[in-house]
Amino acid sequence: MAYVINDDCISCGACEGECPVSCISAGDGKFVIDENECIECGACAGVCPVAAPNAQ
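The sequence shown lines up with residues 62 to 117 when you count with my numbering.
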């Protein structure tokens, strides 16, 4: 199940650099994950200071 970033995102970008497949990018007011590219590793969730990425 792919990860998604919820509205708690503070756009700090910590998750983007941790993604091993580079499927996270800046969106409109928050970062977004390309669910077709996500490998469900959870690296993004491990570094997020506000727990915004969650398994969908």
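Even for Gly, the Cβ is constructed at its ideal location relative to N, Cα and C.
Residue i versus residue j: straight-line alpha-carbon distance, rounded
i: residue 100; j: residue 92; result: 17 Å
i: residue 87; j: residue 103; result: 18 Å
i: residue 107; j: residue 74; result: 13 Å
i: residue 82; j: residue 112; result: 20 Å
i: residue 70; j: residue 116; result: 15 Å
Identified DSSP bridge partners for residue i
i: residue 86; result: 93
i: residue 115; result: 65
Contact test: residue i Cβ vs the ligand GDP heavy atom, cutoff 8 Å
i: residue 101; result: With respect to the ligand GDP, the structure offers nothing, as it holds no ligand at all.
Terminal residues of the alpha helix (DSSP H) in which residue i lies
i: residue 79; result: 75-79
i: residue 105; result: 104-108
Sequence-distant residues of its chain with Cβ nearer than 7 Å to residue i (five each side left out)
i: residue 84; result: 94, 95, 98 and 99
i: residue 62; result: 101, 116 and 117
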